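Trainee:
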Amino acid sequence: MIVKCCLKPTPSSSNYTNQWFNVTNNQVIPQSLGKTYCISAMLLDINNTRYFIIPQLTSAKIMNRPYVIIVSAATLDGRIASKTGYSRLSCPFDLKRLHEVRASVDAIMVGANTVINDDPTLTPRYVKAIKNPIRVVIDGKLRIPLTAKVVTNKEAPTIIVTTEQADRNKTAQLINMGVEVWVMSKERVNLRDVLDRLFMEKGVKKVLVEGGGRLNWELIKEGLVDEVRLTISPYVFGAGTSFIEGEGYPTTMEGPRLRLKSVNMCECGNEVLLDYVIEKG
Ligand SMILES: NC(=O)c1ccc[n+]([C@@H]2O[C@H](COP(=O)([O-])OP(=O)(O)OC[C@H]3O[C@@H](n4cnc5c(N)ncnc54)[C@H](OP(=O)(O)O)[C@@H]3O)[C@@H](O)[C@H]2O)c1
Numbered sequence: 001m002i003v004k005c006c007l008k009p010t011p012s013s014s015n016y017t018n019q020w021f022n023v024t025n026n027q028v029i030p031q032s033l034g035k036t037y038c039i040s041a042m043l044l045d046i047n048n049t050r051y052f053i054i055p056q057l058t059s060a061k062i063m064n065r066p067y068v069i070i071v072s073a074a075t076l077d078g079r080i081a082s083k084t085g086y087s088r089l090s091c092p093f094d095l096k097r098l099h100e101v102r103a104s105v106d107a108i109m110v111g112a113n114t115v116i117n118d119d120p121t122l123t124p125r126y127v128k129a130i131k132n133p134i135r136v137v138i139d140g141k142l143r144i145p146l147t148a149k150v151v152t153n154k155e156a157p158t159i160i161v162t163t164e165q166a167d168r169n170k171t172a173q174l175i176n177m178g179v180e181v182w183v184m185s186k187e188r189v190n191l192r193d194v195l196d197r198l199f200m201e202k203g204v205k206k207v208l209v210e211g212g213g214r215l216n217w218e219l220i221k222e223g224l225v226d227e228v229r230l231t232i233s234p235y236v237f238g239a240g241t242s243f244i245e246g247e248g249y250p251t252t253m254e255g256p257r258l259r260l261k262s263v264n265m266c267e268c269g270n271e272v273l274l275d276y277v278i279e280k281g
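Below, the structure is given as structure tokens:
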């Protein structure tokens with residue numbers, strides 16, 4: 001939906017701007033990026049005719065990158081995989097919920113180890129979906145096998161984001177197999193650049209991150225996550241991969257500020273669904 005907005009830089013400002021925006025699920029995508037505005041009035045504009053004022057949309061966060069949601073299932077002790085890499089933690093209701101989220105986003109992002117260990121297809125299968133989101137694999141050394149489903153399954157486009165450390169022959173093979181390969185830097189992939197590029201080049205407005213723990217950590221650490229949906233499943237591993245797996249914060253002061261949006265019990269009656277929004281990355 002294209003809407004015409006009257007914007008002002010702060011609530012008290014008397015300077016208004018008139019610009020064109022895309023509005024999706026209350027998320028406002030500006031044509032000029034990088035500033036936070038307060039939306040004081042919004043006029044629906046269809047075929048250059050103004051129709052409605054929407055008073056409830058009095059403020060909105062203007063994004064210059066996609067909205068990022070991490071969705072994961074963890075044991076009671078916060079592990080998303082055991083020490084052997086076993087990670088089947090979701091009940092059928094939780095799987096369906098995950099696929100509903102898959103169906104609602106523009107891209108699904110995972111780390112290389114998740115592809116290597118789980119070989120996911122990353123398509124919405126347990127729900128009706130009008131499109132398959134782009135699959136984005138962060139794989140700095142291009143370690144995922146050519147036989148991975150994200151490569152061989154053609155139901156959705158796949159972008160593999162890598163670095164100059166990647167084997168050039170393998171890069172060429174992947175491109176021949178129809179995969180887009182983005183060589184984005186010398187050593188580590190800058191995840192903010194990836195999100196910016198997805199936003200600008202592919203029109204991606206919402207990204208679902210499906211782990212694993214290391215990718216979750218890198219995104220959290222960079223302040224790039226907006227929401228975390230975690231299912232606590234009734235198991236304990238005692239060791240293995242944590243939901244967020246990285247060098248860690250020394251105290252709570254350095255970490256992100258999370259606000260609980262909702263807490264629900266799963267339909268199975270034995271799992272808890274936590275939904276947190278991140279207020280400060
Ligand atoms: N229960 C669940 O909901 C769930 C969901 C997903 C995954 N999992 C489990 O989680 C485990 C995998 O998690 P993980 O933490 O080991 O790995 P991961 O996050 O899937 O992948 C980490 C790897 O991705 C690459 N990577 C990540 N960020 C990068 C960056 N900025 N630049 C370059 N490369 C980057 C790195 O590869 P290099 O080391 O080669 O640089 C890194 O080692 C699996 O066992 C899987 O089953 C569970």
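For the sequence shown, position 200 (counting from the first letter as 1) is numbered 200 according to the UniProt record's numbering, and the numbering increases by one without interruption. We put the beta carbon where it would ideally sit given N, CA and C, even for glycine. Treat the numbers as computed from the prediction; the structure is a model and nothing was measured.
1) So the candidates are G140, T163, R168, I175; which of them puts its Cα closest to the Cα of V151?
2) Just list the residues that DSSP pairs T121 with in beta bridges.
3) Short check: CB of M177 to CB of V161, under 8 Å?
4) For M177, which of helix, strand or coil comes out of DSSP?
5) For R97 and I232, what's the separation of their Cα atoms in angstroms?
6) By how many angstroms is the C-alpha of T123 removed from the C-alpha of R79?
7) Going by DSSP in three states, R79 sits in which element: helix, strand or coil?
8) Exposed or buried, which one is D167 when buried takes at least 16 other CB atoms within 10 Å?
9) Please give me, in chain order, every unbroken run of the alpha helix (DSSP H) with length at least 4 that falls completely inside the segment 196-262.
10) Within a Cβ cutoff of 8 Å, which residues of the same chain sit near N47, ignoring the five residues on either side of it in sequence?
11) Tell me the start and end of each unbroken beta strand (DSSP E) in the segment 125-176 that is at least 3 residues and wholly inside, in chain order.
12) Taking the continuous alpha helix (DSSP H) assigned at A279, which residues delimit it?
13) What is the rounded straight-line gap between the Cα of E201 and the Cα of E222?
14) If I'm right that N113 touches R214 with Cβ under 8 Å, what's the distance once you round it to whole angstroms?
15) Do you know how far the Cα of A172 is from the Cα of E227?
16) Let me know if Y86 comes out buried or exposed under the rule of 16 or more other beta-carbons within 10 Å of its beta-carbon.
Mentor: Reading off the structure:
1) Walking along the sequence shown from the start, residue 151 turns up at place 151. It is I175.
2) As a working note, residue 121 is residue 121 in the sequence shown. Paired residues: none, contrary to the question.
3) Position 177 of the sequence shown, counting from 1, holds the residue named residue 177. Position 161 of the sequence shown, counting from 1, holds the residue named residue 161. By the CB criterion at 8 Å, M177 and V161 fall outside the cutoff.
4) Counted from its first residue, the sequence shown places residue 177 at position 177. Coil.
5) In the sequence shown, the residue the question calls residue 97 occupies position 97. In the sequence shown, the residue the question calls residue 232 occupies position 232. Taking the straight line from one Cα to the other gives about 14 Å.
6) Indexing the sequence shown from 1 puts residue 79 at position 79. Indexing the sequence shown from 1 puts residue 123 at position 123. Rounded to the nearest angstrom, the gap between the Cα atoms of R79 and T123 is 24 Å.
7) Here residue 79 refers to the residue found at position 79 of the sequence shown. In the structure shown, the three-state DSSP call for R79 is strand.
8) Mapped onto the sequence shown, residue 167 falls at position 167. Exposed, because fewer than 16 other Cβ atoms sit within 10 Å of the Cβ of D167.
9) Positions of the alpha helix (DSSP H) runs, each at least 4 residues long and wholly inside the segment 196-262, are given as 213-221 in order along the chain.
10) Here residue 47 refers to the residue found at position 47 of the sequence shown. A caution first: N47 carries a pLDDT of 46, below 50, which makes its placement in the model too unreliable to give a value.
11) If we require 3 residues or more, the beta strand (DSSP E) runs fully inside the segment 125-176 come out as 134-138, 158-163.
12) Residue numbering aside, residue 279 sits at position 279 when the sequence shown is read from its first letter. Sequence check: residue 279 is Glu here, not Ala. Going by DSSP, E279 is part of no alpha helix (DSSP H) but of the beta strand (DSSP E) stretching over 272-280.
13) Residue numbering aside, residue 201 sits at position 201 when the sequence shown is read from its first letter. Residue numbering aside, residue 222 sits at position 222 when the sequence shown is read from its first letter. Take the alpha-carbon of E201 and the one of E222: they are about 21 Å apart.
14) In the sequence shown, counting from the first residue as 1, residue 113 sits at position 113. In the sequence shown, counting from the first residue as 1, residue 214 sits at position 214. Going by Cβ atoms, the distance from N113 to R214 rounds to 7 Å, so yes, they are a contact pair.
15) As a position in the sequence shown, residue 227 is number 227, starting the count at 1. As a position in the sequence shown, residue 172 is number 172, starting the count at 1. Their backbone Cα atoms lie some 36 Å apart in a straight line.
16) Taking the first residue of the sequence shown as position 1, residue 86 is located at position 86. That one is exposed.
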